[in-house]
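Trainee: Here the sequence shown is numbered in the numbering used here, starting from 359 and rising by one per residue.
Note that CB positions come from ideal geometry on N, CA and C, so glycine has one too.
One structure, as structure tokens, below. Some questions next.
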Amino acid sequence: MFAVRAARAAAPRASTSSLTQRSYSTTPVSRAIADAFAEQDLPPTADPSLYPKLADTNPMRAADAAIAASVTIKQHYVHITTTSNNTLITLCDDRKTPIKDGVWTGGMVGFKGSRKGEFEAGYQCAVSAFKRMEELYERDPGARFELLFSGGGKGRDAVVQALTLAEGEKVRGLVNRLTDKTPIKIGGTRAKKVRRTALRIHLSLFVSCVLLFYFG
Numbered sequence: 359m360f361a362v363r364a365a366r367a368a369a370p371r372a373s374t375s376s377l378t379q380r381s382y383s384t385t386p387v388s389r390a391i392a393d394a395f396a397e398q399d400l401p402p403t404a405d406p407s408l409y410p411k412l413a414d415t416n417p418m419r420a421a422d423a424a425i426a427a428s429v430t431i432k433q434h435y436v437h438i439t440t441t442s443n444n445t446l447i448t449l450c451d452d453r454k455t456p457i458k459d460g461v462w463t464g465g466m467v468g469f470k471g472s473r474k475g476e477f478e479a480g481y482q483c484a485v486s487a488f489k490r491m492e493e494l495y496e497r498d499p500g501a502r503f504e505l506l507f508s509g510g511g512k513g514r515d516a517v518v519q520a521l522t523l524a525e526g527e528k529v530r531g532l533v534n535r536l537t538d539k540t541p542i543k544i545g546g547t548r549a550k551k552v553r554r555t556a557l558r559i560h561l562s563l564f565v566s567c568v569l570l571f572y573f574g
């Protein structure tokens with residue numbers, strides 16, 4: 359047994375370096391493949407000379423800026439008064455003076471009686487006012503509009519909805535301010551006593567008679 363071990367120890371062993379050299383070859387072909395994979399770490403890029411030359415600034419944006427600089431802003435005012443009975447829209451110039459053909463009411467757009475205070479009447483008033491605002495903007499590109507609301511009628515919501523829909527698409531960008539000037543009572547004197555009509559008087563007398571009949 360000792361003789362077998364001695365024979366194995368005396369036999370020459372294979373070099374591990376030769377195995378490593380065989381597994382990782384350094385031939386020119388293998389090195390070229392390795393270099394090709396190393397170059398593919400980044401995405402492929404084209405020659406910069408093939409791209410078109412970019413402009414220093416956006417020409418459309420520069421044109422818009424030049425137009426905006428040359429336009430003088432003129433503030434206009436649109437007074438919108440809404441009640442339970444009617445809707446009144448008044449378009450004023452930069453001096454807060456009503457302009458020609460700049461007043462609309464529920465009756466002027468074709469509604470009569472109690473229908474003048476309805477939603478549709480306020481909507482049609484807003485559409486007519488928007489068309490007049492478009493005409494002012496075409497004549498003066500510097501025209502801007504402030505909407506001033508007063509009152510809490512149905513026409514108030516109608517004007518806001520008309521501004522957000524297709525009818526107000528052209529003038530929506532021209533509105534630079536919305537103001538609510540509806541007066542709010544805080545404190546103050548006592549309110550006026552509610553007027554007693556004949557029906558209320560008769561009802562009160564009837565209730566009094568019934569109470570006297572049962573508990574009198």
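Leaving out five residues before and five after residue 490 in sequence, what residues of the same chain have Cβ atoms less than 7 Å from its Cβ?
Mentor: Around residue 490: 449, 459, 460.
Trainee: If we call anything under 7 Å between Cβ atoms a contact, is residue 500 one with residue 431?
Mentor: Yes, Cβ-Cβ distance for residue 500 and residue 431 is below 7 Å.
Trainee: If you run the structure through DSSP and keep just helix, strand and coil, what is residue 525?
Mentor: Three-state DSSP puts residue 525 in a helix.
Trainee: Looking at residue 469 and residue 525, is the spacing between their C-beta atoms short of 7 Å?
Mentor: The answer is no: Cβ separation not under 7 Å.
Trainee: Output the distance between the C-alpha atoms of residue 505 and residue 410, rounded to the nearest integer angstrom.
Mentor: Taking the straight line from one Cα to the other gives about 48 Å.
Trainee: Is it the case that the Cβ atoms of residue 517 and residue 457 are separated by a distance below 7 Å?
Mentor: In this structure, residue 457 does not lie closer than 7 Å to residue 517 by Cβ.
Trainee: May I have the straight-line CA-CA distance separating residue 471 from residue 570, to the nearest angstrom?
Mentor: Distance between the alpha carbons of residue 471 and residue 570: 44 Å.
Trainee: For residue 508, which of helix, strand or coil comes out of DSSP?
Mentor: In the structure shown, residue 508 sits in a strand (DSSP, three-state: E or B).
Trainee: How should residue 562 be labelled, buried or exposed, when 16 other C-beta atoms within 10 angstroms of its C-beta is the threshold for buried?
Mentor: Exposed, because fewer than 16 other Cβ atoms sit within 10 Å of the Cβ of residue 562.
Trainee: According to the neighbour-count rule (16 or more other Cβ atoms, all chains shown, within 10 Å of its Cβ), is residue 560 buried or exposed?
Mentor: With fewer than 16 Cβ atoms within 10 Å of its Cβ, residue 560 is classed as exposed.
Trainee: According to DSSP, is residue 572 part of a helix, a strand, or is it coil?
Mentor: Correct three-state label for residue 572: helix.
Trainee: Please report how far the alpha carbon of residue 463 lies from the alpha carbon of residue 481, in whole angstroms.
Mentor: Straight-line Cα distance between these residues: approximately 11 Å.
Trainee: Rounded to the nearest angstrom, what separates residue 520 and residue 553 at their Cα positions?
Mentor: C-alpha separation (whole angstroms): 38 Å.
Trainee: Identify which residue in 415, 447, 414, 416 has its Cα closest to the Cα of residue 514.
Mentor: Among 415, 447, 414, 416, the Cα nearest to that of residue 514 belongs to 447.
Trainee: Measure the beta-carbon distance from residue 529 to residue 492 and round it to whole angstroms, keeping in mind my assumption that it falls under 8 Å.
Mentor: Indeed they touch by this definition, with Cβ atoms about 6 Å apart.
Trainee: Alpha carbon to alpha carbon, how far is residue 568 from residue 558?
Mentor: Going from the Cα of residue 568 to the Cα of residue 558 covers about 15 Å.
Trainee: What does DSSP give as the partner residues of residue 433 in its beta bridges?
Mentor: Answer is 502.
Trainee: Since I believe residue 507 is in contact with residue 539 (beta carbons under 8 Å), could you give me their beta-carbon distance rounded to a whole number of angstroms?
Mentor: With 8 Å as the limit, residue 539 and residue 507 qualify as a contact, their Cβ atoms being about 7 Å apart.
Trainee: Could you spell out where the alpha helix (DSSP H) holding residue 553 opens and where it closes?
Mentor: From DSSP, residue 553 is part of no alpha helix (DSSP H); its letter is neither H nor E.
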